[in-house]
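Protein chains in written order, with the UniProt record's numbering: chain A, 1 to 113; chain B, 1 to 416; chain C, 1 to 1016.
Backbone N, C-alpha and C define an ideal beta-carbon position, used for all residues, glycine too.
Computed from a predicted structure; not experimentally measured.
Beneath this line is the structure, given in structure tokens, with notes to follow.
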């Protein structure tokens, strides 16, 4: 069972307080009508499914009800960082799906779980 | 191939079992095959078996990065049923069911297919509407099944709490007598032995590291044991399908999740059917060894760790004890996890891909084991002809572009 | 019950048992006696009970082998009453209590004379691994019969047939350092961590903390080792920052240092939890621990040697022999032969000798054993046979002799003739396997060390292994290892440990161990007498060799084909030997054959303990409305909707007999259509939406338009997912220009709130809008029917005139003297007012309504009547008339779709996909049965051609179907392929009973199509 740092509450809480909501950073096309069926289908259903570092959307469902992002390794299940909506990850996958420091964005204390 | 029989067993006993043959060879890879199957699980091995036996394609390699049958084939709760709601799924799973019914004899390998019947319980009025809808559809599709009321359920499973004092009382169930369980490992081994006997090369400890693609057409794979060529490649790698698709340069509408299961310590026979409840969320049967085999829920996050979260196991056992209060003092022996590749509509993908000659068979989610023979058979037919078999046709990955989903979530009862 | 036996093997002195008290117990119906401090196993051995069970496959007699969690044979059924039954209890881990009642799990008619045993003897030859895959195939029709007998012979204990009288609970705990195991390493680690001030939990599976120190031959500071253990436990118990949990097994190690500790609180006291202050105690407790750092001090399990006949009762682990002598004062026999590959085994012989029993010989596989214990044995005059091993144990129900011969380990051969040594006990030691189970739960693969001949754990961040678990066995090093782990772990949470002075230990000289697993026999393995590897599952060395010959080369294959390690002991004794044998057969080094992956649980855990309180009444909370009590008192039948209990219908007593649902619903329907009815609609989800952009937000998540909805007005809205499928609906009202109240389906409330937050927080954060659930704050009472206005007028100050308070409007005012919001909307098609008041006022308002309503024939109705009435109007219920594959257009609700809204609302784009444009999509229609007496079955499938052969092409199905008292006929809603263009056509419904019903496709609106009644 995961131990997740909510970047809004500023605390580690048990996984039972959260719901995973799938891949993070999926943006709804600005002009849906301009999308082909294929593009719309890709937006709706097609996802990265990496074996390694993955950026996920979670919600603190029975906590502050805020959505936030989690960078997590899908094999070791290690949570590498959590960050607020609108922020970019500071750790991304290298070619092997292993963690790699991206931008040196510093986060407040404890965010790196 | 050495035929198996009771007589043979006696004969071998008298020679101290020194003359049993290998059940499959351990061949060195050839440079080139007609068809390569990536993935040596039940579905992949079944595909190879039917390719060689029924579709005359004998120059086939099955490439398995670990040991054959070591993935979800070895990790599921072995339930076999075909009472699916939509015509497309019903056709696929019933095709499998018919093959199950003769499989031990066809493979000369006892897969212990035990047609002890499956109950899908209903606990709410809407559950019962969905059950009636599904059973009516099954009947018109030629699939056996009936709707039972609570009394009928109680007669089949006297040890279950069917009283009205339960939090979600059992209102009734769908009952498929031909459904049941099978011995999962035996399915993989039986298909492997059969495929091998027809000349298929099963290459274990061989990992595909990339695809050889020239102007949109596949012509082979890179492996840790060198390149192997083939103009037709079928990927049957369950949880790892997404990773392979990425190698081939496209995405799939798949996410790989942990699915957990657990067993009790072995008990004397006490549960003679398979009981599944979607609403209180517990699935249980008893293996021939005596273990209560219990399916837990799927974890919501992506995971390749072959383990899930503990609360999922807790909730499952809460449901089991709610349904079977007498099991409270029974003890849980072991839990484990598989990696299930799930589609948005809870139906599999049997499909051509953007790469010519490259086919995928995946997305079985929690329902793959029961389909093994049917999946292998129609996929083999598709690989042999280069065109999807009619039963496989509706399961194209491109349905997620057109919107022609086959949504088994809604009314299909449990997807296990 | 016959006379109770004497404790023939109980030593005159020694052991940690309380000889001043005697406990009597029964095993297989026979009466015995033991002492407090005994386990069931030690008591059985003390009483000279050799055969404790029959084996799983060959039904061979089996005795006690070990003294702890690794015991494979002594599996018993506990309990004197039906409700108290516990299957598969390990006798070595069950403390003895007065009146304990146990039976063997196998053996018929009994374990002494067992008929299956004959079958096993004769048939064993015909039951190689996987024999069942190779037979029982012909004729196919007979498999189910074969299976019945196979199942009968399988299984160990039996399930109770009565509900559990006991309760269990959970504790949620946090600590800086969790120490698993309170042996030498664990106590040292705990001491260091505790003194640092860190929050420490120490869990140990045994009755007493101390582990091997409790029966050690060694001294600490010149005193017996158990005294140091006692003193450390005492000190730890004195710290506020330390929690000591004896009888507590760390059974599972989950992600991010979440460890479950299974504490058995009463299993040592009785078969069911005893009463304390009149209340039954909690039988077991699961501690759900989130640890900062975890120290694994789980020790090591001794490996037996694998030789012929090694399963005959009297074959034991050397360490177990020592434990029974030193800890329990029991010498489990008279004449001992020890066969060992290492120095540690010698302790058994020394203890045996000191217990006054005869040591026939020590048989050591090594050519020139040397070391302090070896010398001690020589000094005692014990005969040591070197370069040799016991190659076969003789005897059937008890060891009668050991066949000993010189062996060549590398050539795997017996050298020279065997001599037969008469004895009744053979102790064997093949070295130790670190207990790595918990570490491998985390997914970390263990690593093989040739110097240790065992796997040591690989560790994820934050885990420390020390002592035996880490392959460190010498007591002095173990203590130091423990302290170091304790200091390190505490430091992570910022707690510096003061130096811990360790007791003096005499360092022992040790000779290297020999790498011996399976002992060779004169005959090749396949022909030799059975050499058991996994005793519980009857897996033999021959079985493993056969598996490898048949192509099962990975250890995972071997395990599955032979069932090795799948018992309740999960291969604690057998797995490493099995891997070594497989490696020998394949000519590969052990690590290449694979590692063994252990899964939770370390030892089995009662379902009840995992479930805790979350069963029976607390399985899932029941949600009641503020009016629930009234419904109960008025005889309502209830329907489960989500977690809510909703009144389903209110059966009345009519001249002496209670109405059927059909009668009650007919009465309730007529009351609404002709007079006035009342429904408790409080369960509908209510979401309060505020903010300058609330209106814009609604326009994006609903399919229809919202920009013009004026204050005081209400509007029905339909919600889709972005795939275009309908997901929820409800009425939303404009309370103020930037303030709306949204209602959702009862079941969808929570999900819709999260859905709104999702879109706001992830896609449209720029919109200034806020959501909060007010479902429980407001109670909703729906009064509906021609008399509704008259009734409400009597108790409200709101002007109800039809022109000043129009349909689809809302007003605030007083109802029954309390502040209320009244919505004039209708789900029945009749004149309707939905009265919303603060939930705490609900009962007062409800009762006032009935006081005034009697003269109007006010009738309470439930969800069933609500369904009939709404269906007559063709109003859908999301989740019943839709199933996630239905678009607004499929429902014929284009009137509710804002095609020209500026923002591309959720679901719009999907409506133009190729599949959603299809002509023959399933569309919502009404069905009128040709025979008005017929009420179609909900879920009935619809076909156009009833003559078609199976499989029959299906065109849709019935989603809702009822008898309508108003129309005096059955009627239904259904989805039918291309239905909207098929009005008036006939469809067929072939049913299970062979009948085929006919129905006409009609408009889904069966009643008051112009909607005049709701406007009056």
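Subject >> Neighbourhood of residue 944 (chain C) by C-beta, 8 Å cutoff - its chain only, sequence neighbours within 5 removed >> reply: On the third chain, position 944 is the one that residue 944 (chain C) refers to. If we look at residue 944 (chain C) and ignore the five residues flanking it on each side, its Cβ neighbours are 953, 955, 987 and 988.
Original post:
In chain order, which continuous runs of the beta strand (DSSP E) of length 3 or greater are located wholly inside the stretch 243–278 of chain C?
Top reply: 248–254 and 258–264
Subject >> Validate contact between the stretch 996–1005 of chain C and the stretch 925–943 of chain C using beta carbons, cut 8 Å, 3 pairs >> reply: yes
Original post:
Excluding the five sequence neighbours on either side, which residues of its own chain have a C-beta within less than 8 Å of the C-beta of residue 1003 (chain C), listed in chain order?
Top reply: To locate residue 1003 (chain C), count along the third chain from 1; it is residue 1003. Once the five neighbours on either side are set aside, the close Cβ partners of residue 1003 (chain C) are 874, 925, 926, 983 and 1009.
Original post:
So does the stretch 217–227 of chain C actually touch the stretch 37–55 of chain A, counting three or more Cβ pairs closer than 8 Å?
Top reply: no
Original post:
Using a Cβ-Cβ cut-off of 7 Å (strictly less than) and excluding sequence neighbours within five positions of residue 523 (chain C), which residues of its own chain qualify?
Top reply: Start at 1 with the first residue of the third chain, and residue 523 (chain C) comes out as number 523. No residues qualify anywhere along the chain.
Original post:
Is residue 62 (chain A) close to chain B, meaning its C-beta is less than 7 Å from at least one C-beta of that chain?
Top reply: Counted from its first residue, the first chain places residue 62 (chain A) at position 62. False, the Cβ-Cβ gap to chain B never drops below 7 Å.
**OP:** Pick helix, strand or coil for residue 227 (chain B), following the three-state DSSP scheme.
**Re:** Your numbering for residue 227 (chain B) matches position 227 in the second chain. Here residue 227 (chain B) sits in strand by DSSP.
Original post:
Taking 6 Å as the line, does the beta carbon of residue 97 (chain B) fall inside it for any heavy atom of the ligand HEM?
Top reply: The ligand HEM is absent from the structure shown, which contains no ligand whatsoever.
Original post:
Taking the Cβ atom as the reference point for each residue, do residue 1017 (chain C) and residue 329 (chain C) lie within a distance shorter than 7 Å?
Top reply: No information on residue 1017 (chain C) is available, as it lies outside the stretch 1 to 1016 that chain C covers here.
Original post:
If contact means a Cβ-Cβ distance below 9 Å, which residues of the stretch 901–912 of chain C contact chain A?
Top reply: 904, 906, 908, 909, 910 and 912
Subject >> Nearest neighbour of residue 113 (chain B), chosen from B:186, B:26, B:360 and B:269 [CA to CA] >> reply: By 1-based counting over the second chain, the position of residue 113 (chain B) is 113. Looking at the Cα atoms, B:186 is the closest of the given residues.
Subject >> Other residues of its chain near residue 460 (chain C): CB distance less than 6 Å, five sequence neighbours each side excluded >> reply: Counting from one through the third chain, the residue named residue 460 (chain C) turns up at place 460. Only 442 and 444 meet the Cβ criterion.
**OP:** Please report how far the alpha carbon of residue 771 (chain C) lies from the alpha carbon of residue 683 (chain C), in whole angstroms.
**Re:** In the third chain, counting from the first residue as 1, residue 771 (chain C) sits at position 771. In the third chain, counting from the first residue as 1, residue 683 (chain C) sits at position 683. For residue 771 (chain C) and residue 683 (chain C), the distance between alpha carbons rounds to 18 Å.
Original post:
If you scan the stretch 665–725 of chain C from start to end, which runs of the alpha helix (DSSP H) of 4 or more residues do you find wholly inside it?
Top reply: 694–701
Original post:
Excluding five sequence neighbours on each side, which residues of the same chain lie with their C-beta closer than 7 Å to the C-beta of residue 488 (chain C)?
Top reply: Residue numbering aside, residue 488 (chain C) sits at position 488 when the third chain is read from its first letter. Cβ neighbours of residue 488 (chain C) beyond the five flanking positions: 464.
**OP:** Return the first residue and the last residue of the alpha helix (DSSP H) that residue 777 (chain C) is part of.
**Re:** Numbered from 1 along the third chain, position 777 holds the residue referred to as residue 777 (chain C). Neither: residue 777 (chain C) is in no alpha helix (DSSP H) and is coded neither H nor E.
Original post:
My guess is that residue 863 (chain C) and residue 648 (chain C) are in contact by the Cβ rule of under 8 Å, so how many angstroms apart are they, rounded?
Top reply: By one-based count along the third chain, residue 863 (chain C) stands at place 863. By one-based count along the third chain, residue 648 (chain C) stands at place 648. Yes, they are in contact, since the Cβ atoms of residue 863 (chain C) and residue 648 (chain C) sit about 5 Å apart, within 8 Å.
Original post:
Among residues of its own chain, excluding the 5 on either side of residue 437 (chain C), which ones have a beta-carbon nearer than 6 Å to its beta-carbon?
Top reply: Counting from 1 along the third chain, the entry for residue 437 (chain C) is found at position 437. Result list for residue 437 (chain C): 598 and 602, in chain order.
Subject >> Terminal residues of the alpha helix (DSSP H) in which residue 560 (chain C) lies >> reply: The count along the third chain starts at 1 and reaches residue 560 (chain C) at position 560. Where residue 560 (chain C) is concerned, the enclosing alpha helix (DSSP H) stretches over 555–562.
Original post:
Roughly how far, in whole angstroms, is the beta-carbon of residue 575 (chain C) from the beta-carbon of residue 56 (chain C), given that I think they are within contact range, below 8 Å?
Top reply: Mapped onto the third chain, residue 575 (chain C) falls at position 575. Mapped onto the third chain, residue 56 (chain C) falls at position 56. Not a contact, Cβ separation roughly 17 Å.
Original post:
In whole angstroms, what is the alpha-carbon distance linking residue 17 (chain B) and residue 58 (chain C)?
Top reply: Working through the second chain from its first residue, we reach residue 17 (chain B) at position 17. Working through the third chain from its first residue, we reach residue 58 (chain C) at position 58. So the alpha carbons of these two residues sit roughly 17 Å apart.
Original post:
Closest by CA to residue 256 (chain C), which one among C:292, C:447, C:845 and C:274?
Top reply: Here the question's residue 256 (chain C) lines up with position 256 in the third chain. Answer by Cα proximity: C:292.
Original post:
List, in order along the chain, the chain B residues whose C-beta lies closer than 9 Å to that of residue 164 (chain C)?
Top reply: Locating residue 164 (chain C) in the third chain gives position 164, counting from the first residue. Result: 321, 325, 326, 327, 328 and 329.
Original post:
Which residues in chain B sit within 7 Å of residue 75 (chain A), going by Cβ to Cβ distance?
Top reply: As a position in the first chain, residue 75 (chain A) is number 75, starting the count at 1. Within chain B, the residues near residue 75 (chain A) are 304 and 305.
Original post:
Quick one, which residues of the stretch 32–45 of chain A are near chain C if we go by CB-CB under 7 Å, in chain order?
Top reply: 32, 33, 35, 37, 40 and 44
Original post:
Of the choices C:110, C:636, C:258 and C:283, whose alpha-carbon is the least far from that of residue 175 (chain C)?
Top reply: Locating residue 175 (chain C) in the third chain gives position 175, counting from the first residue. Residue C:258 is the option with its Cα nearest to residue 175 (chain C).
Original post:
Smallest Cα separation from residue 1 (chain A): which of B:319, B:216, B:323 and B:307?
Top reply: The residue given as residue 1 (chain A) occupies position 1 in the first chain. Closest option to residue 1 (chain A), Cα to Cα, is B:307.
**OP:** Kindly list, in the order they appear in chain A, the residues whose Cβ is closer than 8 Å to that of residue 762 (chain C).
**Re:** Position 762 of the third chain, counted from the first residue, corresponds to residue 762 (chain C). Here the neighbours are 57, 67 and 85.
Original post:
So the beta strand (DSSP E) residue 591 (chain C) belongs to, where does it begin and stop?
Top reply: Locating residue 591 (chain C) in the third chain gives position 591, counting from the first residue. Per DSSP, residue 591 (chain C) belongs to no beta strand (DSSP E); it is in the alpha helix (DSSP H), 590–593.
Subject >> chain C residues whose Cβ lies nearer than 7 Å to that of residue 332 (chain B) >> reply: If you number the second chain from 1, residue 332 (chain B) lands on position 332. 601, 604, 605, 607 and 610, listed in chain order.
Original post:
Can you pull the DSSP bridge partners for residue 339 (chain C)?
Top reply: Translated into positions along the third chain, residue 339 (chain C) becomes position 339. In the DSSP output, where bridge partners are listed per residue, residue 339 (chain C) has C:363 and C:428.
**OP:** Indicate whether at least one CB of chain A lies closer than 7 Å to the CB of residue 253 (chain B).
**Re:** Start at 1 with the first residue of the second chain, and residue 253 (chain B) comes out as number 253. Yes - at least one Cβ of chain A is within 7 Å of the one on residue 253 (chain B).
Subject >> Chain-order list of residues whose beta-carbon lies under 7 Å from that of residue 476 (chain C) (same chain, five-residue window excluded) >> reply: The count along the third chain starts at 1 and reaches residue 476 (chain C) at position 476. The answer, listed in chain order, is 505 and 507.
**OP:** Buried or exposed for residue 206 (chain B), please, with buried defined as at least 16 other CB atoms from any protein chain shown within 10 angstroms of its CB.
**Re:** Stepping through the second chain from its first residue, residue 206 (chain B) is reached at position 206. Counting Cβ neighbours within 10 Å, residue 206 (chain B) comes out buried, since at least 16 surround it.
Subject >> Where residue 325 (chain C) sits in the DSSP three-state scheme >> reply: What you label residue 325 (chain C) is simply residue 325 of the third chain in a count that begins at 1. It is helical.
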